[in-house]
Amino acid sequence: MVEVDVAVVGAGVVGCAVARHLAIDGASVALLDRAADVGDGTSKANTGVLHTGFDTEPGSLESRLVARGHGLLTDYAAAAGIAVERTGALLVAWDDEQEAALPALLAKADANGYASARLLDAAEVRSCEPHLGPGARSGLSVPDEWVIDPWSVTLAFATEAVGAGARLLLATPVEKIVSGDGGHELELPDCVVRAQWLVNAAGLGADRIDALLGHHDFTVTPRRGQLLVFDKLARRLLCRILLPVPTARTKGVLVSPTTWGNVLLGPTAEDLEDRTDTASTTGGIEGLLRAGRRVLPALVDEEVTAVYAGLRSATEHRDYQVRLDAGQRYVSVGGIRSTGLTSSLAVAEHVAGLLDGAGAGWSGPAVSSAPPVMPPLGESQVRPLQDPDRIASDPAYGTPLCHCEQVSRGEVRDACHGALAAADLGGVRRRTRAMNGRCQGFYCGAEVVALVADETGSDPGSLTRVPR
Ligand SMILES: Cc1cc2nc3c(=O)[nH]c(=O)nc-3n(C[C@H](O)[C@H](O)[C@H](O)COP(=O)(O)OP(=O)(O)OC[C@H]3O[C@@H](n4cnc5c(N)ncnc54)[C@H](O)[C@@H]3O)c2cc1C
C-alpha cells in the first residue's frame with residue numbers, strides 16, 4: 252500500500268511536469284505509467300518545437316498556457332542545460348489563398364499577445380532562406396519559435412520530481428480506480444496506491460481514465476504524425492523552422508532543424524482508431540516527400556537516417572480539456588494535442604492552481620529544488636568527448652562508443668544508473684543519442700548492448716534494438 256496526497260497517472264511530459272510542481276509544493280506524489288520509462292508515449296515522438304502560440308485560438312486555454320509555457324520552459328532549459336536553438340520560424344505562403352491568409356494570421360498572433368511576428372515579401376523570404384523552392388509568394392516571420400531537445404525535458408522534470416520526493420511507479424498500468432470520500436484507490440498489479448487527489452495526465456488514455464471516474468466529456472482520437480529525419484548534411488539547407496499555413500486540423504508539414512543537428516520533415520495528420528499504431532507508411536512518406544520537395548527541393552536528395560511517428564491525443568474539442576471535479580478530488584488533463592511539450596510547465600502551474608483553489612493541502616512543506624543538470628546533448632553544446640576536463644576526470648568520457656553521434660562510453664554507462672536509469676535501448680537512445688545517427692546502431696549497436704548488459708546485469712539477448 253502506497254499512501255500519497257496525489258497520484259498522477261501518466262509520466263509523459265505533462266504528467267512529469269505536474270508531479271514535479273506538486274512535489275516541490277510539498278505534496279507526496281506517486282507518478283505512475285504503464286510504460287517502463289518516462290516519456291515513452293507521445294512525448295518521445297514530437298517535432299521538438301518550442302511554440303510561441305501565435306497561431307492558437309485567441310482566448311483559449313491552449314493559447315494562454317502555450318504562451319506562458321514558452322517562457323517557463325525557456326528559463327527551465329537554460330537552468331538545466333537542455334539544448335535550445337533560437338532558430339525562429341518562417342511561415343511561407345505558396346499560392347493566392349495562403350497569401351491572403353497571412354494578414355489574418357498576423358492579427359491572430361497579435362490577439363494572442365505575440366507582437367514580434369512580421370509580414371515579409373517574396374524577396375525578403377528568399378533572402379532569409381535561399382534554398383526554398385520556386386514560387387514562395389510571401390511569408391510571416393515568427394522569431395521566437397525555436398527548437399528544443401524534447402527527450403531531455405521529460406527526463407529533467409521526472410528527475411526533479413523524484414529528487415523532490417515523488418515516487419515513480421513504472422510498468423504500472425492503471426485499470427481500476429475505486430473513488431470515495433477518502434480519496435482514490437488505484438488497484439495495480441503489484442500494490443495499491445491510495446491517494447487523496449488524482450490527476451489524470453494519461454494522454455491517449457485520458458478519456459479511459461476519465462470514464463473510470465464516471466466522466467464522459469471527451470473522446471480521444473489518435474492523430475498520427477509521421478516524420479522523416481534527414482542526415483546532418485542537410486542542416487545547411489535551412490536556417491529557420493519552415494512552416495506551412497496552418498489549417499484547423501493541423502499545423503501542417505514543416506521542415507525543421509533539430510537541436511541534434513538533423514532536419515525533420517513532417518508530420519502527417521491522420522485520424523486513426525488504433526491508439527498504438529505508430530507505424531510509418533509508404534503513403535505517408537510519399538506525401539511528406541512531395542511536400543518537402545516543394546518547400547526545400549534539395550532536401551529530398553539528402554540521406555534519410557530514420558522515420559518515426561507519434562500520436563497526438565486529439566479530441567472532438569479544439570481546446571485543451573483540463574477540468575477539476577473538486578467534490579471528487581480529481582483533475583483531468585486531456586486533449587493536450589499538438590503543443591504539450593511547450594505548455595507542460597504552464598499546464599502544471601494551472602493544475603496546481605486548480606488544486607489550490609479547491610482547498611487541497613499537502614502533507615509536507617514546500618521543497619527547495621533546482622532543475623537537474625542534464626547531459627549536454629545538443630549539437631551546439633560541448634559534448635563530453637570534446638571536453639578535456641570531463642575526460643581528465645574520467646577517461647570513459649574520452650572513449651568514443653557511438654561515432655555518428657559522438658557519444659562516449661561514460662555517457663552510456665551513466666544512462667544505466669540513477670533514479671531515472673534507462674530501462675531499455677530506447678531509453679539509452681533518449682538519454683545519450685547513442686545509435687541515433689546515420690548508421691542507426693549498425694556499427695555501435697553490439698558494443699552498446701554489451702555495455703548496457705554489463706552495467707545493468709541484463710541478458711544481452713533481452714536488449715533488443717528498439718526504434719526511437
Ligand atoms: C507528431 C507530433 C508532433 C508534435 N510536435 C510538437 C512540438 O513541436 N511542440 C510541442 O510543444 N508539442 C508537440 N507535440 C505535442 C506533444 O508531443 C504532446 O502534446 C505531449 O507529448 C503530450 O504529453 P502527455 O504527457 O499529455 O502525453 P504522453 O506523452 O502520451 O503521456 C501520457 C502517458 O500516460 C501513460 N498512460 C496512458 N494510460 C495509462 C494507464 N491506464 N495507466 C498508466 N499509464 C497510462 C502513457 O503510457 C503515457 O506515457 C507533437 C505531437 C506529435 C504526435
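Using the working numbering, the letters of the sequence shown map in sequence onto residues 252 to 719. Just so it is clear, CB atoms sit at the ideal spot from N, CA and C, and this is done for glycine as well.
Check: Ala621: which of Thr423, Asp675, Thr410 and Leu550 sits nearest, CA to CA?
Finding: Thr410
Check: Is the distance from the Cβ of Thr683 to the Cβ of Ala565 below 8 Å?
Finding: Cβ distance not < 8 Å, so Thr683 and Ala565 don't count as in contact.
Notebook entry, point to check: DSSP state of Val255, grouped into three classes?
Noted result: strand
Check: Between which two residues does the beta strand (DSSP E) carrying Cys211 extend?
Finding: As displayed, the chain neither begins before 252 nor continues past 719, which places residue 211 out of reach and without an answer.
Checklist line | At least 3 beta-carbon pairs within less than 8 Å: the segment 458-467 vs the segment 277-293 | finding: no
Margin query: For a quick check, are the C-beta atoms of Ala334 and Asp400 less than 8 Å apart?
Written below: If you check the CB distance, Ala334 and Asp400 come in under 8 Å.
Margin query: Suppose the cutoff is 6 Å on Cβ atoms and the five residues either side in sequence are ignored; what does the same chain contact list for Arg369 look like?
Written below: Ser392
Check: Which whole runs of the beta strand (DSSP E) in the segment 280-333 are 3 residues long or more, in chain order?
Finding: 280-283
Next item on the list: From the DSSP output, read off the bridge partner residues of Thr472.
Entry: Ala565
Note to self: Taking the alpha helix (DSSP H) that Gln349 belongs to, which residues open and close that run?
What the structure shows: Element bounds for Gln349: Asp347 to Ala362.
Check: Secondary structure at His601, three-state DSSP: helix, strand or coil?
Finding: helix
Margin query: When you measure from the CB of Ala603 to every non-hydrogen atom of ligand 1, does any distance come out below 7 Å?
Written below: no
Note to self: Per DSSP, what are the beta-bridge partners of Gly390 in this structure?
What the structure shows: Val343 and Leu371
Notebook entry, point to check: Tell me, which residues are paired with Ser726 by DSSP?
Noted result: The structure shown does not extend to residue 726, since the chain is modelled only from 252 to 719, so the question has no answer here.
Next item on the list: Give me the Cα-Cα distance between Leu312 and Ser594, rounded to the nearest whole angstrom.
Entry: 10 Å
Next item on the list: Please classify Trp613: does DSSP put it in a helix, a strand, or coil?
Entry: coil
Notebook entry, point to check: Is His382 helix, strand or coil by DSSP?
Noted result: coil
Item checked: Any non-hydrogen atom of ligand 1 within 7 Å of Ile587 CB -> Ile587 has its Cβ nearer than 7 Å to a heavy atom of ligand 1.
Note to self: Tell me which residues share the same chain as Thr338 and place their Cβ nearer than 7 Å to its Cβ, disregarding the 5 neighbours each side in the sequence.
What the structure shows: Trp397, Val398, Cys490, Arg491, Ile492 and Pro508
Item checked: Three or more C-beta pairs below 8 Å linking the segment 675-695 and the segment 657-666 -> The segment 675-695 makes contact with the segment 657-666: 3 or more CB pairs, one atom from each, lie closer than 8 Å.
Checklist line | Close Cβ partners of Pro503 (< 6 Å) along its chain, the five nearest in sequence each way excluded | finding: It is Gly, not Pro, that sits at residue 503 in the sequence shown. Cβ neighbours of Gly503 beyond the five flanking positions: Pro495 and Pro497.
Notebook entry, point to check: Roughly how many angstroms lie between the CA atoms of Val429 and Glu438, to the nearest whole one?
Noted result: 8 Å
Next item on the list: Could you tell me how far apart the beta carbons of Tyr365 and Phe305 are, in whole angstroms, since I believe they sit closer than 8 Å?
Entry: 4 Å
Margin query: Looking only at its chain, what residues have a beta carbon closer than 7 Å to the beta carbon of Glu254, apart from the 5 residues adjacent to it on each side?
Written below: These residues qualify, in order along the chain: Arg445.
Note to self: According to DSSP, simplified to helix, strand and coil, what is Glu706?
What the structure shows: Residue state, collapsed to three classes: helix.
Note to self: Tell me the rounded alpha-carbon separation between Ala599 and Trp402.
What the structure shows: 18 Å
Check: So what does Trp397 bridge to, in DSSP terms?
Finding: Leu301, per the DSSP bridge assignment.
Margin query: Please report the straight-line C-alpha distance between Gly456 and His466, rounded to a whole angstrom.
Written below: Distance between the alpha carbons of Gly456 and His466 is about 13 Å.
Check: When DSSP labels each residue in this structure, what does Pro651 get in the three-state scheme?
Finding: strand
Margin query: Going by C-alpha to C-alpha distance, which of Gly454, Leu419, Gly678 and Val546 sits closest to Ala670?
Written below: Ala670 has its Cα closest to that of Leu419, out of Gly454, Leu419, Gly678 and Val546.
Check: Is the beta carbon of Met625 less than 8 Å from the beta carbon of Ala415?
Finding: no
Notebook entry, point to check: Is DSSP giving Pro497 helix, strand or coil here?
Noted result: coil
Checklist line | Whole-angstrom distance between Ala360 and Ser367, CA atom to CA atom | finding: 9 Å
Checklist line | Three-state secondary structure assigned by DSSP to Ser589 | finding: DSSP places Ser589 in coil when its eight states are reduced to three.
Checklist line | Separation of Leu515 from Val573, as counted between CA atoms | finding: 30 Å
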